[in-house]
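What follows is one structure encoded as structure tokens, with my remarks underneath.
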Amino acid sequence: MKEEQRLLLLHSSSLFSPPQGVKLSYGTAGFRADASILKSTVHRVGILAALRSLKTQSVVGLMITASHNKVTDNGVKIVDPSGRMLTQEWEPFADQLANAQTPEAFLSLITEFVEKEKIPLDGVQSAEILLGRDTRPSGESLLEAAKQGISSILGAIALDLGILTAPQLHWMVRARNKGMKATEPAYFEQISSSFRCLVDLIPNETKSSKMDNTVVVDGADGVGGEKLEVLKTMLTSLVIEVRNTGKGGGILNDGVGADYVQKEKVVPRGFCSNDVGLRCASLDGDADRLVYFLVPTNSSRKIDLIDGDKILSLFALFIKEQLSILTKKGTENLNNNSHARLGVIQTAYANGASTDYLKQLGLEVIFTPTGVKHLHEKAAQFDIGIYFEANGHGTILFSESWLSWLEARNNELGFASEGSEQQKAALRLLSVSKLINQAVGDALSCLLLVEVVLQHKGWSIHKWNELYQDLPSRQLKVKVVDRTAVATTNAETVAISPPGIQEAIDAETAKYPRGRCFIRPSGTEDVIRVYAEASTQEAADSLAGSVAKIVDRFLGFSSSQR
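The sequence shown lines up with residues 0 to 561 when you count with numbering that gives the first Met the number 0.
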């Protein structure tokens, strides 16, 4: 390392003291904490982002957001060149860097890592980092800390893109590294033009049906509501009414947002009995999650929730239908690529009724451990991979090779049978691949895809909600001495330790009609999470309670005293 570089890093890190008595950990969402203690961490992540850019010789992103957390929190995460999250291999180094207590210890970590990773830290290679932040008041000063971190690496340049949704930044990083225009207007233009193309391809028989084309959206008083106000002006045949835009004095994520709506199953602030029967949706704080809901006819605040599982089912049904049209009889001479391998990816938390429905459609359903990284990775192994979590985070991935085949096939069809049903199906699938954000779950693009698929099928939100009836479920947490005593396999659905616990769970579950139950250790605290499903709410509650007692018997504080 050059002396100039060494001195720059020492000086820069001496300006930001790490928080005392706090150990931060880089998880799926990056670092998150109370905003008041994050300056040093964000500064160091700026340095880490510059190193990542030098290592990959590509543009990377740095996003300042805490998604669905309360407004006084904030966070920071790195976006890899693919538009995905930071590679897991770098997470332990991120932890070490954030928690180093002195400038000397910090410099020593960087020196060692740069040598190990063979990162060219000579000032000759350039690095470029795209920066974004959400609407939190703390974002501006944290962004400055990130810029100072980046500028302490020779050859590194920060490009401040201002206030963005997290998925917009992911999209822009991916676009930039693919040689495409990577600006906010380009993002809006791509998703709005793809939406308009799909609207033009709606079958005539459903175009004539009098379907309500209005959706009322809870913007969580965050960045998503603000951006949706811009996007809605670019759309035809869809009316979007945005509430909780952040402009009316409402507090971010306070009684609003997809996380609140999905967990509490009640109407968000700004919605009331006047909204009975309307198609309503809710974004989360940084607009990477989306759920829909119906306000019930009675005076209760409870809602009918249409969660990520139902969004997944709608998308999977639509794509399966288009693939069937594309490969219908009379196309036997097509090569094997015509039969795309379509995979649906869920975690064990997906409602069992949704999994049953997807399997009844003849779809291949794969389970992964909890966490977007696992889902995304598995979805990328298919020609078309669709993943969603019940919380409303998910997307659709199309393989480059299959898209190339589809482009060629569309051109063939345009030449041989323009305007045929097969060509329309090819155009719809191409438009979906451009509308959906293939880097990460994106509430804005998913909202548009839901809306156009409902219009295509001529479905109301009620008809969509009736695809299947969710099985009642219950989630509990059990405090334990040591959460690492539980090890799981088979996508976290089977406990292999401690010995005997799975057999006890199985025996209990067998007592309940349509019973399903699993346990898994929390990633952050000494608790074991219990998930139970059964044919009635009382049964689900009872099963969860019984299994919680089993966990306590094997692992609770009383078990440690025997």
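Glycine included, C-beta positions come from ideal geometry on N, C-alpha and C.
If we count the other Cβ atoms within 10 Å of its Cβ and call it buried at 16 or more, is residue i buried or exposed?
| i | result |
| --- | --- |
| GLU556 | Here residue 556 turns out to be Phe, not Glu, going by the sequence shown. Exposed is the call here. |
| ALA565 | The shown model of the chain, from 0 to 561, leaves out residue 565, and the question about it has no answer. |
| ASP79 | buried |
| VAL215 | buried |
| PRO520 | buried |
| THR213 | exposed |
| GLU491 | buried |
| ASP211 | exposed |
| ILE109 | buried |
| ALA99 | buried |
| LYS262 | exposed |
| THR64 | buried |
| GLN19 | exposed |
| LEU14 | exposed |
| ASN335 | For ASN335, the predicted model reports a pLDDT of 47, less than 50, meaning its position is unreliable and no value from the coordinates is stated. |
| GLN501 | buried |
| PRO267 | buried |
| THR488 | exposed |
| ASP355 | exposed |
| GLN468 | exposed |
| ASN203 | exposed |
| GLN4 | buried |
| ALA509 | exposed |
| ASN332 | Because the pLDDT of ASN332 is 49, which lies under 50, any placement of that residue in the model is unreliable, and the question is left without a value. |
Identify the continuous alpha helix (DSSP H) that holds residue i and give its terminal residues.
| i | result |
| --- | --- |
| GLU127 | Where GLU127 is concerned, there is no enclosing alpha helix (DSSP H), although the beta strand (DSSP E) it sits in stretches over 126 to 132. |
| MET171 | 165 to 176 |
| SER52 | 38 to 55 |
| VAL449 | 442 to 456 |
| ILE149 | 138 to 150 |
| ALA547 | 536 to 554 |
| ALA93 | 90 to 98 |
| GLU399 | 399 to 416 |
| ARG195 | 183 to 199 |
| GLY256 | Counting along the chain, GLY256 falls outside any alpha helix (DSSP H), and DSSP gives it neither H nor E. |
| ILE109 | 102 to 116 |
| TYR467 | No alpha helix (DSSP H) contains TYR467, which DSSP labels as neither H nor E. |
| ALA352 | 351 to 359 |
| ALA424 | 420 to 434 |
| ARG5 | 2 to 13 |
| LYS206 | 203 to 206 |
| ALA378 | 371 to 378 |
| GLY224 | 222 to 230 |
I think residue i touches residue j, with their Cβ atoms under 8 Å apart; what is that distance to the nearest whole Å?
| i | j | result |
| --- | --- | --- |
| ALA547 | ALA539 | Actually they do not touch by this definition, with Cβ atoms about 12 Å apart. |
| ASN479 | ILE527 | As written in the sequence, residue 479 is Val, which differs from the Asn given in the question. 5 Å between Cβ atoms; contact. |
| PRO166 | ASN436 | 5 Å |
| THR134 | ILE152 | The pair is not a contact, with the Cβ atoms about 28 Å apart (cut-off 8 Å). |
| HIS67 | ASP217 | At roughly 12 Å, the Cβ-Cβ gap does not stay under 8 Å, so HIS67 and ASP217 are not in contact. |
| SER39 | SER16 | 6 Å |
| ILE302 | LYS264 | 6 Å |
| GLY351 | ARG473 | The pair is not a contact, with the Cβ atoms about 13 Å apart (cut-off 8 Å). |
| ARG43 | ALA97 | 6 Å |
| VAL255 | VAL275 | Rounded, the Cβ-Cβ distance is 19 Å, inconsistent with contact. |
| ASP159 | LEU130 | 5 Å |
| ASP33 | ASP94 | The pair is not a contact, with the Cβ atoms about 18 Å apart (cut-off 8 Å). |
Identify the residues that DSSP records as bridge partners of residue i: which are they?
| i | result |
| --- | --- |
| PRO520 | ILE527 |
| GLY29 | GLY26 |
| ASP159 | LEU130 |
| GLY393 | PHE387 |
| GLN569 | Nothing can be reported for residue 569, as the shown portion of the chain is limited to 0 through 561. |
| ALA280 | VAL216, TYR291 |
| SER496 | ALA486 |
| ASP303 | LEU293 |
| ARG242 | ASP217 |
| MET84 | VAL78 |
| ARG515 | GLU532 |
| VAL275 | VAL294 |
| VAL265 | LYS301 |
On the DSSP letters alone, give me the boundaries of the beta strand (DSSP E) that residue i sits inside.
| i | result |
| --- | --- |
| LYS478 | 472 to 478 |
| TYR291 | 289 to 293 |
| GLY72 | Sequence inspection shows Asp at residue 72; the Gly mentioned does not correspond to that position. Element bounds for ASP72: 72 to 78. |
| VAL59 | 59 to 63 |
Is residue i near the ligand GTP, going by C-beta to nearest heavy atom under 6 Å?
| i | result |
| --- | --- |
| VAL431 | Among the components of this structure there are no ligands whatsoever, and the ligand GTP is therefore not found. |
Cβ contact (3+ pairs, closer than 8 Å) linking the region 302 to 309 and the region 220 to 236: no
The region 133 to 149 contacting the region 40 to 54, beta-carbon criterion three pairs below 8 Å: yes
At least 3 beta-carbon pairs within less than 8 Å: the region 447 to 462 vs the region 402 to 412: no
Contact the region 347 to 361 vs the region 385 to 405: 3+ CB pairs below 8 Å: yes
Sufficient close CB pairs (3 or more, under 8 Å) joining the region 422 to 441 to the region 392 to 404: yes
Touch test, the region 180 to 198 against the region 414 to 431, Cβ-Cβ under 8 Å, three pairs minimum: yes
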